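With the sequence shown counted from 1, adding 17 to any position gets you the working numbering.
Note that the Cβ used here is the ideal one computed from N, Cα and C, for glycine as well.
This one's a predicted model, so the numbers in the text were calculated from it and none came from an experiment.
Since the structure comes first, as structure tokens, the remarks are kept for the end.
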Amino acid sequence: MITSNLSAVPAFIPSMGWPEMLMIFGVILLIFGPQKLPEIADALGKSIRKFKSATTEIKHDIESDDKRQSKKD
């Protein structure tokens with residue numbers, strides 16, 4: 018993921034800073050309540066891990082295919 022130099026906010030959301038993130042967190046807290054937050058955070062963390070794992074696996078597959086193609090040439 019491409020990130021900006023100043024924060025860990027993804028570069029494709031340049032206008033979203035800490036105040037906006039806190040506001041989103043507050044809305045989520047109001048909607049789901051404090052009891053559900055650990056479950057939501059756990060599910061979000063697992064989803065992010067799976068996504069990163071899948072993107073890494075795809076990247077390695079592409080790189081290995083490129084290496085095989087260069088050996089054939």
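**Request:** Pull up the distance between the alpha-carbon of K63 and that of E80, whole angstroms please.
**Result:** Position 46 of the sequence shown holds residue 63. Position 63 of the sequence shown holds residue 80. Taking the straight line from one Cα to the other gives about 26 Å.
**Unbroken alpha helix (DSSP H) run spanning Q86, endpoints** = Taking the sequence shown and counting its residues from 1, one reaches residue 86 at position 69. Counting along the chain, the unbroken alpha helix (DSSP H) around Q86 starts and ends at 54-89.
**Prompt:** Whole-angstrom Cβ separation of L46 and L54, contact assumed at under 8 Å?
**Reply:** Translated into positions along the sequence shown, residue 46 becomes position 29. Translated into positions along the sequence shown, residue 54 becomes position 37. Going by Cβ atoms, the distance from L46 to L54 rounds to 7 Å, so yes, they are a contact pair.
**Asked** Grouping DSSP H, G and I as helix and E and B as strand, with all else coil, what is G43?
**Response** For the purposes of this step, residue 43 is identified with residue 26 of the sequence shown, where counting begins at 1. It is helical.
**Prompt:** For M38, which of helix, strand or coil comes out of DSSP?
**Reply:** Reading the sequence shown from its first residue, position 21 is the one you call residue 38. Helix.
**Asked** Roughly how many angstroms separate the alpha carbons of K88 and S70, rounded to a whole number?
**Response** As a working mapping, residue 88 is identified with position 71 in the sequence shown. As a working mapping, residue 70 is identified with position 53 in the sequence shown. Distance between the alpha carbons of K88 and S70: 27 Å.
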